[in-house]
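Residue numbers (this note's numbering): 338 to 857. See below for the structure under consideration.
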């Protein structure tokens with residue numbers, strides 16, 4: 338006698354919730370419907386598994402994961418759902434669970450409205466119906482995804498707000514089934530203050546410090562937001578919060594159509610759309626900031642960023658090491674009579690209560706030394722003829738690699754199509770379960786081999802691309818002295834300055850032992 342449990346599984350997505358209006362009622366009705374059916378079989382439902390507000394597109398749902406855990410532990414003998422769409426709407430994955438996963442653990446699966454019972458598979462018409470319904474469910478999800486995008490775009494075009502939460506400074510105003518933004522005067526005054534202060538020349542951090550000093554609630558606390566694990570939140574005003582507000586075009590009365598997108602409805606992660614490609618709709622709601630102030634604040638934001646970086650901009654930052662105490666030397670700025678700013682590196686670190694008295698070296702002198710030594714290295718170690726030959730061969734190889742990559746991608750898609758066809762043939766009874774398993778394993782194995790080859794080729798291609806980039810750098814360096822200013826960190830590992838008027842260059846590639854260079 339099988340003492341394992343008879344369980345029910347109910348699922349409701351956010352889209353179902355909108356349709357059903359009464360969220361808990363829908364789940365409740367599903368489970369009661371299953372209970373009545375199981376009772377008519379002379380059994381009882383021992384346990385219920387529920388996923389509240391989870392899509393059927395994928396199977397990453399907490400209730401379903403717990404169901405799988407109990408199945409694999411050997412506790413469950415029968416799983417019952419209202420219909421197959423409650424189990425899932427992705428055809429391939431749903432077919433996998435019904436035709437492979439449940440039989441593997443000797444679990445009987447029943448979909449009541451679809452008249453499907455895995456213990457009664459003799460009826461070929463029922464098998465065909467399973468395949469058709471699974472395809473319809475998968476097609477339904479795809480069409481629903483397209484319709485959601487169309488509806489969202491139409492609402493945005495009408496000036497409606499479709500976001501989950503209004504931006505700081507606004508609140509959502511509901512009119513029948515429509516949602517619009519209206520100004521929250523208290524928060525809007527803070528937004529105006531932020532734009533005005535940045536436009537007047539203050540840095541983001543200075544603005545944030547002023548708001549914290551005045552004990553102004555930051556957005557997350559003022560709006561009583563519920564933090565999500567996937568996002569970073571700031572519980573005080575910070576430069577990052579100020580930056581987000583300054584860049585938000587919503588404050589000018591515009592709405593951005595789309596900031597991210599999905600290429601396919603199966604895709605989980607959304608891809609960001611570059612700011613230059615954003616499309617906006619004008620005059621959707623009351624503006625808090627007029628256009629001139631928005632543009633001025635963002636213009637000053639760029640100027641302030643440049644001003645903040647005006648102190649030594651980093652060509653040799655962190656590379657210059659004191660040969661006396663072994664610590665990084667500090668860049669310092671001096672202004673000459675001609676008002677031109679110049680930089681030098683000095684030490685001055687305190688070691689054992691004594692200040693390091695190593696020499697100073699000008700940034701301009703370092704540039705000259707590095708440039709001259711790199712030129713000498715290039716002339717000594719680089720054969721231009723070999724480089725040209727090597728680049729030519731690599732380019733030819735890459736052309737062949739591109740063809741191999743294209744062929745392998747086609748081969749992988751070919752095996753995917755074969756696997757999908759095998760599922761259909763099995764569900765329609767054209768092949769037996771044993772034939773299905775055997776042929777599927779063969780297709781999967783061939784597909785995996787192609788995927789491994791593709792991975793190796795892509796890695797090889799990336800190595801060649803990196804090598805070509807380095808060769809290009811060598812060539813540009815020989816012909817253009819200024820190029821060294823943009824690639825010092827690709828070449829130099831560290832520059833050690835000694836008190837005896839010498840320095841040592843250490844490179845990131847093998848050229849024998851680093852030699853000391855006389856400064857003067």
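Positions of the beta carbon are idealized from the N, C-alpha and C atoms, including for glycine. In this text, all values refer to a predicted model and were calculated from it rather than measured experimentally.
Within 10 angstroms of the beta-carbon of residue 769 lie fewer than 16 other beta-carbons, which makes it exposed. Beta-bridge annotation (DSSP): residue 389 is paired with 349. By the criterion of at least three beta-carbon pairs nearer than 8 Å, the stretch 450-457 is in contact with the stretch 419-426. For residue 758 and residue 780, the gap between their C-alpha atoms comes out near 11 Å. In the structure shown, residue 517 adopts extended strand secondary structure according to DSSP, grouped into three states. Residue pairing by DSSP puts residue 508 in a beta bridge opposite 519.
Looking at 427, 405, 530 and 379, the one whose alpha-carbon comes closest to that of residue 440 is 405.
By the C-beta criterion, the stretch 400-416 is judged to be in contact with the stretch 340-352, since at least 3 inter-stretch pairs fall below 8 Å.
In this structure, the beta-carbon distance from residue 446 to residue 435 falls below 8 Å. A direct Cα-Cα distance of roughly 14 Å separates residue 378 from residue 448.
In the DSSP assignment, residue 411 falls outside any alpha helix (DSSP H), carrying neither H nor E. Counting the other Cβ atoms within 10 Å of the Cβ of residue 763 gives 16 or more, which makes it buried. Residue 432 counts as buried, since at least 16 other C-beta atoms from the protein chains shown sit within 10 angstroms of its C-beta. Here the alpha carbons of residue 593 and residue 549 stand approximately 30 Å from one another. Apart from the 5 residues on each side of it in sequence, residue 555 sits with its Cβ closer than 7 Å to the Cβ of 571, 572, 573, 574 and 578 in its chain, given in chain order. Taking a contact to require three or more Cβ pairs closer than 8 Å, the stretch 506-516 and the stretch 536-543 do not qualify as touching. With contacts defined as CB atoms closer than 8 Å, residue 660 and residue 836 qualify as a contacting pair.
With contacts defined as CB atoms closer than 8 Å, residue 745 and residue 791 qualify as a contacting pair. DSSP, read as helix, strand or coil, puts residue 678 in strand. Residue environment analysis places residue 375 among the buried positions, since at least 16 neighbouring C-beta atoms fall within 10 angstroms of its C-beta. Nearest to residue 518 by C-alpha distance, out of 531, 497 and 532, is 497. Taking 8 Å as the cut-off, the Cβ atoms of residue 624 and residue 589 count as close.
Per DSSP, the beta bridge partners of residue 454 are 447.
Residue 399 counts as exposed, since fewer than 16 other C-beta atoms from the protein chains shown sit within 10 angstroms of its C-beta. Taking the Cβ atoms as the reference, residue 825 lies roughly 22 Å from residue 695, outside the contact range of under 8 Å.
Taken atom to atom, the span from the alpha-carbon of residue 531 to that of residue 511 is near 28 Å. Taking 8 Å as the cut-off, the Cβ atoms of residue 388 and residue 426 do not count as close. Excluding five sequence positions before and after residue 658, the CB atoms of its chain that fall closer than 8 Å to its own CB belong to 664, 665, 666, 831, 832, 833 and 834, given in chain order. The C-beta of residue 367 has 16 or more other C-beta atoms within 10 Å across all chains shown, which makes the residue buried. When beta bridges are read from the DSSP output, residue 833 appears opposite 658 and 841. Following the DSSP letters along the chain, one finds residue 578 inside the alpha helix (DSSP H) bounded by residues 576-584. Distance from residue 580 to residue 524 at the Cβ level is roughly 17 Å; contact not present, criterion being Cβ atoms closer than 8 Å. Distances from the alpha-carbon of residue 752 to those of 533, 786 and 742 put 786 closest.
Setting aside the 5 residues that flank it on each side, residue 693 is surrounded in the same chain by 659, 661, 662, 684, 685 and 686, each with a C-beta closer than 7 Å to its C-beta; the list follows chain order.
Of the residues assessed, residue 743 falls on the exposed side of the cut-off, its CB having fewer than 16 other CB atoms within 10 angstroms.
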